[in-house]
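Numbered according to mature numbering (1 follows the signal peptide of the UniProt record, and there is no 0), the sequence shown spans residues -24 to -1, 1 to 759. Glycine is no exception: its CB is placed at the ideal position from the N, C-alpha and C atoms.
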Amino acid sequence: MTFSGGMILVLVTSGVLMTGGVRGGSSEEVTVPRPEATLLELLSRPFAPTEGASQECIRDSKIYFAELRNYNPWALQMFDASAKMPPGVITGNVQQLGNYDECLQIKTDQTFKAQACSASVQFEILKGPKVSRDLDMKDLLIQVAKASNLKEDLNFSVNYEWMWCVPSSCNYSEISEALELALDPLKVDGRLDFAVDLNSHSCHTDVTDENMYDFFDWTYIGVLLVFAAIIIASTAYDLHKKYKDEDSKRKDTKHQLLTAFSLHTNGKKLLSTKRSIDTIPCLDGLRYLSICWIIYGHTFYLEVVGVKLAKNHVIKMHEDWSSLLILNGNIVTDTFFLLSGILLAYTLMAKKGKDGTPTFSVINLYLNRYLRLTPAYAIIVGFYATLFEKLGSGPKWDTWVNSSKENCRANWWINLLYVNNYVNLETMCMSQSWYLSVDMQLLWISPLFLYPMLKCNKVIYFWVVTGTGLLASILIPFGITYFLNLTGTMLYYKNLMDVTNVYLQIYTRVYTRAGPYIIGLAFGYILFKTKNYKIRMNRTYAACGWLVATAVGLAAVLGPRAMYFNDYPYNKWEASFYAGLHRHVFTGAVAWIIFACINGYAGPVNTFLSWRAWVPLSKLTYSAYLTHYIVLLYNIGSARTSGNLTGYSVLHTFFGNLCLTMFVSLCLSCCFEMPFMTLVRLALVRRDSTAEHHHHHHHHHHHHVGCSRGLQAKPSSERFFGSTVSGESIYRSSEDLANTESAASSVDSVYAIGSSNFSVVIEPKKLVEEKEVDARKSYTDIG
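What follows is the structure in structure tokens.
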């Protein structure tokens, strides 16, 4: 006999002797649990049903016990696959998943199968005094529960989870009753209580793990097959034309339409690192690093709430300053609101009518954004609602993946209307999709800020409306936080109710998240007005700008550190000021980085952010935002065992998640995002005769990649916002802006701001003819 086999026999012998059979009855096999039963003893026992269980469950459990005493291999395997008392409970090891696959693969010689049931037991620490004289393992358990919590002086609870391998004739309610009876001696009046959570999704056999396809699943598969056929046909046509026909026909509308779904054309566009003349290179790196920050934060969060051990060090994370980059990492979403606002203001101002004034179509604005973003979004929502749950299994699979399926089947239409940050928020489909709704709603209200300036050319209106909106975006979260006594931001791993309230009242609301977007509108206006000018600044002023931006940016990110301490007294004013200002301050710091990069005051920062390798990666940002949670949920839902939670383990998991996310995003972008951008461009271009005329007049200069001229003649710098999480997923094409925009700026050729010896000077940029020609050629190449 092997060493491991011998150990199992020892455990089985002790477990069976302690258990004795069915609990709660009067037969000779029954042993009433002793009041001094310990947690160790409870988790060393094989499952035993109560006397109220069904006859089948009791009968099969007796067979299981008898075969276990006889050391029958299948019974030994069932006991072996069940969770035991784990090491490290006091340091946060609260999830024991047993051996899920071993349990499901057991072949019994009886009429029943083995089933794996995952139980969740929530222990609640009560405020009451010590009234029990049983101070042995009960007190230890209270200490364990406290050690797994954040505060000891309030009512808190902690979940322990473990898996039992039991006969399939026992249903989840019978298992729940047995567990409650077994744990009952551990109740301490007024100090400790518990609740057992088992439901119909908690138990699995090799039969329930098999996939059953319904009407919705087959419908989704049918849609995918139709798109697959279109993609194959489009790619074949594209390759046929490429190797057979001359290039002269490759730029007409018919060819663009027939090759919209071509993997060859879309892949070539996507992987190109070439840039047009009028771009802002630093935005590529800024956008991609921001999505990496988001994915890292989500990875850490799911690792902590998932199946990792040693969670107690999470409680002390705030003691390390760098951990605030994770705990307060949600602030990075404001970078995307900033970029979205910049893009919108810049591109709408670039659109000129026949008289040279900006033109503006609200209908085209809404249609363009909705039709470009929604197809790829709908494909992912459909995937959540149908096929995702069938791609894996595990003891935690239902917890993480099946719940997503149910939410998406119920609420898919709410997502596609972009109102899921207000409707059924508690059962949201795709938990990260709140951002897409907020960004779309900000687009809906953007004409309030842009219309007066674009139509009336009254710049003062723009600044008055923008200033008013900015002030309101500060006062609203300030007021909500003050009057509802909320925390300044979501303090993760503290009081769950506080986090939930901030999430529902502030984090997902358009009126509390508009500030960075409004800053983006103003900054986009400034960038457009100064785009033909080089802003020269005294180096001292530039250095001061970097110092201030760095200081306020770090203050915004690291500000909540003190709020994480257990002895921190809640301060309503402090929380309200932080809630109202920190996102605006952080956005201002990011805006400075962009400004410094454009005007040559960023040095190595600009060199790094402008690295050409960021170009194709940044185009995948929108798809990555849609798909990264699929990779994360699959990873945690299919976990079979707990792992140690360390900085290295999270980093290791993050890079795996990132690589898989980029691959999935590449597929989504090539097959759905880019094709529909091309189709929308070709459709909306016919809505605007001015744009159509502009297209024919300048056709020899360029080939459109994914830009809707029906909405706006987009300057080439929009390429840097292409595929952003902001939703402006357009790959920029050269729009020959030398003619349409050269006279657009209201800035004088040269003027100074400041004292007579000047501190800031704005002067015209010298255009390099060779660079312009090369940029135009590069767009012809990728077209």
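Check: Quick one: what's S94 bridged to in DSSP?
Finding: Translated into positions along the sequence shown, residue 94 becomes position 118. Its beta-bridge partners are M139.
Next item on the list: Could you spell out where the alpha helix (DSSP H) holding T211 opens and where it closes?
Entry: Translated into positions along the sequence shown, residue 211 becomes position 235. Unbroken alpha helix (DSSP H) run through T211: F191 to K220.
Notebook entry, point to check: For the segment 372 to 427, which segments carrying the alpha helix (DSSP H) assignment without a break, of at least 4 residues, lie completely within its bounds, in sequence order?
Noted result: 379 to 392 and 410 to 421
Item checked: Residues bridged to D169 (per DSSP) -> By one-based count along the sequence shown, residue 169 stands at place 193. E100, per the DSSP bridge assignment.
Margin query: Check whether chain B comes within 8 angstroms of V142, counting only Cβ atoms and requiring the distance to be less than that.
Written below: In the displayed structure, chain B is absent; only one protein chain is listed.
Notebook entry, point to check: Using 8 angstroms as the Cβ pair cut-off and three pairs as the minimum, do the segment 231 to 246 and the segment 200 to 217 touch?
Noted result: yes
Check: Is residue 765 helix, strand or coil by DSSP?
Finding: Because the chain spans -24 through 759 in this model, residue 765 falls outside it and cannot be assessed.
Checklist line | Through-space distance from K217 to H679, alpha-carbon basis | finding: On the sequence shown, position 703 is the one that residue 679 refers to. On the sequence shown, position 241 is the one that residue 217 refers to. Here the model assigns H679 a pLDDT of 38, short of 50, so the residue's position is not dependable and the matter cannot be decided.
Checklist line | Contacts around F153, its chain only, beta-carbon distance under 6 angstroms, and the 5 residues preceding and following it disregarded | finding: Along the sequence shown, one-based indexing puts residue 153 at 177. Going by the sequence as given, residue 153 is Glu instead of Phe. Cβ within range, chain order: T26.
Next item on the list: Could you tell me if K83 is buried or exposed, where buried requires 16 or more neighbouring beta carbons within 10 angstroms of its beta carbon?
Entry: Here residue 83 refers to the residue found at position 107 when the sequence shown is read from its first residue. K83 comes out exposed.
Checklist line | Alpha-carbon spacing of L174 relative to C141, whole angstroms | finding: In the sequence shown, counting from the first residue as 1, residue 174 sits at position 198. In the sequence shown, counting from the first residue as 1, residue 141 sits at position 165. Each residue's alpha carbon lies about 14 angstroms from the other.
Margin query: For C405 and C384, what's the separation of their Cα atoms in angstroms?
Written below: On the sequence shown, position 429 is the one that residue 405 refers to. On the sequence shown, position 408 is the one that residue 384 refers to. Distance between the alpha carbons of C405 and C384 is about 5 angstroms.
Checklist line | Beta-carbon proximity list for L585, same chain, < 6 angstroms, skipping 5 on both sides | finding: Taking the first residue of the sequence shown as 1, we reach residue 585 at position 609. Excluding sequence neighbours, L585 sits near C258, G261 and L262.
Next item on the list: Buried or exposed for P536, please, with buried defined as at least 16 other CB atoms from any protein chain shown within 10 angstroms of its CB.
Entry: By one-based count along the sequence shown, residue 536 stands at place 560. P536 is buried by the Cβ-count criterion.
Checklist line | Cutoff 7 angstroms; reference T403; Cβ partners in own chain excluding five residues on either side | finding: Position 427 of the sequence shown holds residue 403. Excluding residues within five positions, the ones whose Cβ falls inside 7 angstroms are N383, A386 and N387.
Check: The alpha helix (DSSP H) spanning H177 covers which residue range?
Finding: Along the sequence shown, read from residue 1 onward, the residue named residue 177 stands at position 201. Where H177 is concerned, there is no enclosing alpha helix (DSSP H), given that its DSSP letter is neither H nor E.
Check: Whole-angstrom Cβ separation of L80 and D182, contact assumed at under 8 angstroms?
Finding: For the purposes of this step, residue 80 is identified with residue 104 of the sequence shown, where counting begins at 1. For the purposes of this step, residue 182 is identified with residue 206 of the sequence shown, where counting begins at 1. Correct: roughly 5 angstroms between the Cβ atoms.
Item checked: Option in F192, G243, A92 and S149 with minimal Cα separation from I639 -> Translated into positions along the sequence shown, residue 639 becomes position 663. Checking the displayed sequence, the identity of residue 639 turns out to be Phe instead of Ile. Residue G243 is the option with its Cα nearest to F639.
Next item on the list: Sort out for me which residues DSSP pairs R71 with in a bridge.
Entry: In the sequence shown, counting from the first residue as 1, residue 71 sits at position 95. The displayed chain sequence assigns Gln, not Arg, to residue 71. Per DSSP, E137.
Margin query: Tell me the rounded alpha-carbon separation between N508 and I502.
Written below: Your numbering for residue 508 matches position 532 in the sequence shown. Your numbering for residue 502 matches position 526 in the sequence shown. So the alpha carbons of these two residues sit roughly 11 angstroms apart.
Notebook entry, point to check: Less than 8 angstroms separating the beta-carbons of Q71 and E156?
Noted result: Locating residue 71 in the sequence shown gives position 95, where the first residue counts as 1. Locating residue 156 in the sequence shown gives position 180, where the first residue counts as 1. No, they are not a contact pair.
Margin query: If we require 4 or more residues per run, which alpha helix (DSSP H) segments fall completely within the segment 542 to 601?
Written below: 548 to 575, 580 to 585 and 590 to 595
Checklist line | Nearest-angstrom Cα separation, counted from L608 out to R616 | finding: Taking the sequence shown and counting its residues from 1, the one referred to as residue 616 is at position 640. Taking the sequence shown and counting its residues from 1, the one referred to as residue 608 is at position 632. Computed Cα separation, rounded: 15 angstroms.
Margin query: So, under 8 angstroms CB-CB, V566 and T323 are touching, yes? Tell me the CB distance rounded to an integer number of Å.
Written below: Against the sequence shown, residue 566 aligns to sequence position 590. Against the sequence shown, residue 323 aligns to sequence position 347. About 19 angstroms; that fails the 8 angstroms criterion.
Notebook entry, point to check: Measuring CA to CA, which of W568, T583 and V377 is closest to T526?
Noted result: Residue mapping note: residue 526 aligns to position 550 of the sequence shown, counting from 1. Cα-wise, what sits closest to T526 is W568.
Checklist line | Local conformation of M650 per DSSP, three classes | finding: Against the sequence shown, residue 650 aligns to sequence position 674. Reduced to three states, the DSSP call for M650 is helix.
Notebook entry, point to check: In terms of alpha-carbon separation, which member of M54, Q31, S30 and A29 lies closest to F41?
Noted result: If you number the sequence shown from 1, residue 41 lands on position 65. Answer by Cα proximity: M54.
Checklist line | Three-pair Cβ contact test at 8 angstroms for the segment 432 to 452 versus the segment 363 to 382 | finding: no
Next item on the list: To the nearest angstrom, report how far apart L278 and W439 are at their CA atoms.
Entry: Counting from one through the sequence shown, the residue named residue 278 turns up at place 302. Counting from one through the sequence shown, the residue named residue 439 turns up at place 463. L278 and W439: Cα-Cα distance of roughly 42 angstroms.
Notebook entry, point to check: Under the three-state reduction of DSSP, which class applies to E365: helix, strand or coil?
Noted result: Here residue 365 refers to the residue found at position 389 of the sequence shown. Here E365 sits in helix by DSSP.
Notebook entry, point to check: Thinking just about the alpha-carbon of each residue, which of S407, K431, N396 and L446 is nearest to the one in T603?
Noted result: In the sequence shown, residue 603 corresponds to position 627, counting from 1. It is S407.
Notebook entry, point to check: What do you get for Y598, buried or exposed, if any count of 16 or more other CB atoms within 10 angstroms of its CB means buried?
Noted result: Within the sequence shown, the letter at position 622 stands for residue 598. Buried, by the Cβ-count rule.
Notebook entry, point to check: Starting from C79 and walking both ways along the alpha helix (DSSP H), at which residues does that stretch end?
Noted result: Taking the sequence shown and counting its residues from 1, one reaches residue 79 at position 103. Segment Y76 to L80, the alpha helix (DSSP H) holding C79.
Notebook entry, point to check: Would a C-beta distance cut-off of 8 angstroms place L343 and L660 closer than the cut-off?
Noted result: Position 367 of the sequence shown, counting from 1, holds the residue named residue 343. Position 684 of the sequence shown, counting from 1, holds the residue named residue 660. Cβ atoms of L343 and L660: closer than 8 angstroms.
Notebook entry, point to check: Should W549 be labelled buried (16 or more other beta-carbon atoms within 10 Å of its own) or exposed?
Noted result: For the purposes of this step, residue 549 is taken as residue 573 along the sequence shown, with counting starting at 1. Exposed: under 16 other Cβ atoms inside 10 Å.
Next item on the list: Have a look at I36 and M473 and give me their C-alpha separation to the nearest angstrom.
Entry: Stepping through the sequence shown from its first residue, residue 36 is reached at position 60. Stepping through the sequence shown from its first residue, residue 473 is reached at position 497. For clarity, residue 36 is Asp in the given sequence; the question names Ile instead. Answer to the nearest angstrom: the Cα atoms are 43 angstroms apart.
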